[in-house]
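In what follows, a single structure is set out as C-alpha cells and then discussed.
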Amino acid sequence: MDENQSILELQVDQSASRSLSDAARWARFLSIVGFVGMGLLILCLLLARAAISTALTQFAPTMAVDESYGIVVAIVVIMVAIVGALMYLLFRGATLIKRGIETKNQETFNNGLSSLRIYFSIYGVFAIVGVIANLIVLF
Amino acid sequence: MEQNQNYEDNSLFSLSIDETAKNHLRSLATWSMVIVISALIGYVLTIIKALQTKPQVVQSEGFGTSFATGGGFGGAIFGIVIGLLVNYFLFQFANHTKRGINGMNQADLDSGFYNLKIYFAIIGVLFIIVLVIAFLVILVFGLSAR
Numbered sequence: 001m002d003e004n005q006s007i008l009e010l011q012v013d014q015s016a017s018r019s020l021s022d023a024a025r026w027a028r029f030l031s032i033v034g035f036v037g038m039g040l041l042i043l044c045l046l047l048a049r050a051a052i053s054t055a056l057t058q059f060a061p062t063m064a065v066d067e068s069y070g071i072v073v074a075i076v077v078i079m080v081a082i083v084g085a086l087m088y089l090l091f092r093g094a095t096l097i098k099r100g101i102e103t104k105n106q107e108t109f110n111n112g113l114s115s116l117r118i119y120f121s122i123y124g125v126f127a128i129v130g131v132i133a134n135l136i137v138l139f
Numbered sequence: 140m141e142q143n144q145n146y147e148d149n150s151l152f153s154l155s156i157d158e159t160a161k162n163h164l165r166s167l168a169t170w171s172m173v174i175v176i177s178a179l180i181g182y183v184l185t186i187i188k189a190l191q192t193k194p195q196v197v198q199s200e201g202f203g204t205s206f207a208t209g210g211g212f213g214g215a216i217f218g219i220v221i222g223l224l225v226n227y228f229l230f231q232f233a234n235h236t237k238r239g240i241n242g243m244n245q246a247d248l249d250s251g252f253y254n255l256k257i258y259f260a261i262i263g264v265l266f267i268i269v270l271v272i273a274f275l276v277i278l279v280f281g282l283s284a285r
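If you read the protein sequences in the order shown, they are chains A and B.
Counting in the working numbering, the first sequence runs from 1 upward without gaps.
Counting in the working numbering, the second sequence runs from 140 upward without gaps.
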C-alpha cells in the first residue's frame, strides 16, 4: 500500500525543483530590493524633513508644520511596517523553499510554502481592499 | 518524533508533495486567483477612469502652440499591458497547480511551478528596469543641478 502511494504521490522532481529554486532566487531578490527601498524611504523622510515640511505648509497652510510632518511620518511608518512584513514573508518563504530543496528536508520546504501562502493571502486581501477603494472613488 | 522520522525517510529519496504541502499549494493557488481577478477588475476600473477624464488642451500663450493634458490613456494602457502579462503567469500558476494537485498530475504541477518562476522573474526584471531608470533620472537631475 505504501509503495503504491509513493509511486502515485506527487514529487518535487528535477524540473519542479529547478523552477522552484529559480522562483525562490527571484523572490529573494525582490524582497531584498523591497527592504532596501523601505530603508531609503525612511532615510529620505529623515534627511528631507525641512523640504517636506515646506511643501506641506504650501499644500495645507492651516496645518502646523510639525503636525503635518507627523501625519506624513505616521503614514510612511504604517506603509513601511506593512510592506516590511510582506517582504519578510517573501524572503522567509523563498529562503526556506530553496533550503528545503537543497537539503531535501520536507519540513523546511513545507514551512517555506506556508510563508509564501501567508504572503499571497495578505497580498490578496490588499488587492481586494484596493479594488473596493477604487470602486468607492469611481462611483 | 514519528513525524521527524518520516521526514528523514523522505529526505533519503526526494521531496514529496505531502498533505501539508498540498494544502499550502491549494491555498496559494486560490489566493493567486483572487489577486488575478482583483487585478483584472482594477484594470477595467482604470480604463473607465481614463475614459471619463477628458484631455484638456492647454494653449501656450504667445507661442501659438497647444498640448493635451490629463487623460493619460496611453500610460494606463501601457500599465495594463504589463499587468496583464504578469498576471497571466500568476493565473497559469494557480490553474496548473490546482489541476496538478487535484488530478495528481506531475506535469501540471511542474508547469505550475514553471509559471511561478516566470511570474517572479518578470517582476524582478521590471524592478531592475525601474531602478535603472530611477538611477538615470537622479543622475541627470544631479548633473543639471550643478
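No residue lacks a Cβ here, since even glycine has one placed at the ideal position from N, Cα and C.
Treat the numbers as computed from the prediction; the structure is a model and nothing was measured.
#1: Counting only the same chain and skipping the five closest in sequence on each side, list residues whose C-beta sits under 6 Å from that of Ile156/B.
#2: My output table needs one value for Ser153/B: the three-state DSSP class, helix, strand or coil.
#3: Rounded to a whole number of angstroms, what is the C-alpha to C-alpha distance between Gly203/B and Ile174/B?
#4: Where does Val279/B land, buried or exposed, given buried means 16+ other C-beta within 10 angstroms?
#5: Can you pull the chain B neighbours of Ala91/A, defined as C-beta to C-beta under 9 Å?
#6: Residues of chain A with a CB under 8 Å from the CB of Val173/B: which are they?
#7: Using DSSP bridges, identify the partner residues of Gln11/A.
#8: Counting only Cβ pairs nearer than 8 Å, list the residues of chain B close to Ala27/A.
#9: From Asn111/A to Val73/A, what distance separates their C-alpha atoms?
#10: Buried or exposed: where does Phe259/B fall if 16 or more other Cβ atoms within 10 Å of its Cβ makes it buried?
#11: Do three or more CB pairs link the stretch 112-130 of chain A to the stretch 153-170 of chain B at distances below 8 Å?
#12: Are there 16 or more other CB atoms within 10 angstroms of the CB of Ile136/A, so buried, or fewer, so exposed?
#13: Taking all protein chains shown into account, do 16 or more other C-beta atoms lie within 10 angstroms of the C-beta of Asp66/A, making it buried, or fewer, making it exposed?
#14: Identify every run of the beta strand (DSSP E) within the stretch 68-128 of chain A, keeping only runs that are complete inside it and at least 3 residues long; order them along the chain.
#15: Could you tell me which whole alpha helix (DSSP H) segments of length 4 or greater appear in the stretch 201-263 of chain B?
#16: Using DSSP with H/G/I as helix, E/B as strand and the rest coil, what is Met63/A?
#17: Taking Cβ positions, are Ile240/B and Leu229/B nearer each other than 9 Å?
#18: Which bits of chain B does Phe35/A rub up against, with CB to CB less than 7 Å?
#19: Taking Cβ-Cβ distances shorter than 8 Å, what residues in chain A pair up with Tyr227/B?
#20: Straight-line CA distance for Gly100/A to Tyr227/B?
#21: Let's test the definition: count the other Cβ atoms within 10 Å of the Cβ of Leu270/B and tell me whether it reaches 16, buried, or not, exposed.
#22: Nearest by alpha-carbon distance to Val131/A: which of His163/B, Ala178/B and Asn162/B is it?
#23: State the CB to CB distance for the pair Phe184/B and Phe109/A, rounded to an integer number of angstroms; the pair is presumed to be in contact (CB under 8 Å).
The relevant details are as follows:
#1: none
#2: coil
#3: In this prediction, Gly203/B scores a pLDDT of 45, lower than 50, which makes its location untrustworthy; the coordinate-derived value is nonetheless stated afterwards. Between Gly203/B and Ile174/B, the C-alpha separation is close to 48 Å.
#4: exposed
#5: Residue identity check: residue 91/A is Phe in the sequence provided, not Ala. Simply none; closest approach about 13 Å.
#6: Gly124, Ala127 and Ile128
#7: Ser155/B
#8: Phe259
#9: 34 Å
#10: buried
#11: yes
#12: exposed
#13: exposed
#14: none
#15: 212-241
#16: coil
#17: no
#18: The contacting residues do not exist; Phe35/A stays about 13 Å from chain B at best.
#19: Under the 8 Å cutoff, chain A gives no residues; its nearest Cβ is about 16 Å from Tyr227/B.
#20: 28 Å
#21: exposed
#22: Ala178/B
#23: Checking the displayed sequence, the identity of residue 184/B turns out to be Leu instead of Phe. Contact doesn't hold; Cβ gap of about 38 Å is too wide.
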